[in-house]
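*Asks:*
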Amino acid sequence: MISPAHLAFAAAFLLVVRSSAPGAAAARPIFDGKPSPSEATATARWLAAQNTWGVLRHLLFLQLKMVDLQSSEADLAKSALFTKHPEMKDWPKNHHFKIFKMEIENIFLIDWFGGPKPISPSQYLEFGR
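Here's what the structure looks like:
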């Protein structure tokens, strides 16, 4: 059995390591706290910034399109991906790594009472600019 003190130390260590990763803060929007339920677009961006894919599967309806690895779009995608996950740069070539683009069709946020709140992809992507 692991003592509560050891668990607390491990949790603190992981938080420090995660927050000190190079480029980690720049890779996602920064929020002071959860937005008001009346701010649907801000709430959707906040949920995505929590980095929980379980949240995104309830949030986005999309298609995945494979990106040509020789394109400039692939260079941008690799830069963004490797900023957040630097270990992926060194994955073996025989893993047949591919990059996919999410083409978001609809966003429906269910974060409070009152049913889904539709958000257009442009509202979502342009929030905070």
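Just so you know, UniProt numbering puts the end of the sequence shown at 129, numbered straight through with nothing missing.
Virtual Cβ for every residue (Gly too), placed ideally from N, Cα, C.
(1) Quick check: K65 and F100, are their CB atoms within less than 8 Å of each other?
(2) If you follow the alpha helix (DSSP H) that L47 is in, where does it begin and where does it stop?
(3) In the DSSP output, what is F108 paired with across the bridge?
(4) Would the beta-carbon of A42 fall within 8 Å of that of F127?
(5) Return the first residue and the last residue of the alpha helix (DSSP H) that K76 is part of.
(6) Indicate the three-state DSSP secondary structure (helix, strand or coil) for K98 in the structure shown.
(7) Is it buried or exposed for I119, if we count other Cβ within 10 angstroms and need 16 for buried?
(8) Counting only the same chain and skipping the five closest in sequence on each side, list residues whose C-beta sits under 8 Å from that of K93.
(9) Three-state secondary structure (DSSP) at L69?
(10) Just list the residues that DSSP pairs L64 with in beta bridges.
(11) When you compare each of D32, F113, K34 and K98 to V67 by their alpha carbons, which one comes out closest?
(12) Leaving out five residues before and five after D32 in sequence, what residues of the same chain have Cβ atoms less than 6 Å from its Cβ?
*Replies:* Judging by the given coordinates:
(1) Counting from 1 along the sequence shown, the entry for residue 65 is found at position 65. Counting from 1 along the sequence shown, the entry for residue 100 is found at position 100. Yes, they are a contact pair.
(2) Within the sequence shown, numbered from 1, the residue matching residue 47 stands at position 47. Taken as a continuous stretch (DSSP letters only), the alpha helix (DSSP H) holding L47 covers A40 to A49.
(3) As a first step, residue 108 must be located in the sequence shown, where it is residue number 108. DSSP lists P118 as partners of F108.
(4) Indexing the sequence shown from 1 puts residue 42 at position 42. Indexing the sequence shown from 1 puts residue 127 at position 127. A contact, by the Cβ cut-off of 8 Å.
(5) By one-based count along the sequence shown, residue 76 stands at place 76. As written in the sequence, residue 76 is Leu, which differs from the Lys given in the question. Segment S72 to K84, the alpha helix (DSSP H) holding L76.
(6) If you number the sequence shown from 1, residue 98 lands on position 98. DSSP places K98 in coil when its eight states are reduced to three.
(7) On the sequence shown, residue 119 is found 119 positions in, with the first residue counted as 1. I119 is buried by the Cβ-count criterion.
(8) The residue given as residue 93 occupies position 93 in the sequence shown. Closer than 8 Å at Cβ, skipping near neighbours: no residue.
(9) Here the question's residue 69 lines up with position 69 in the sequence shown. Correct three-state label for L69: coil.
(10) Within the sequence shown, the letter at position 64 stands for residue 64. According to DSSP, which records beta bridges pairwise, L64 is partnered with M102.
(11) Along the sequence shown, one-based indexing puts residue 67 at 67. For V67, the nearest C-alpha among the options comes from K98.
(12) Position 32 of the sequence shown, counted from the first residue, corresponds to residue 32. No residues qualify anywhere along the chain.
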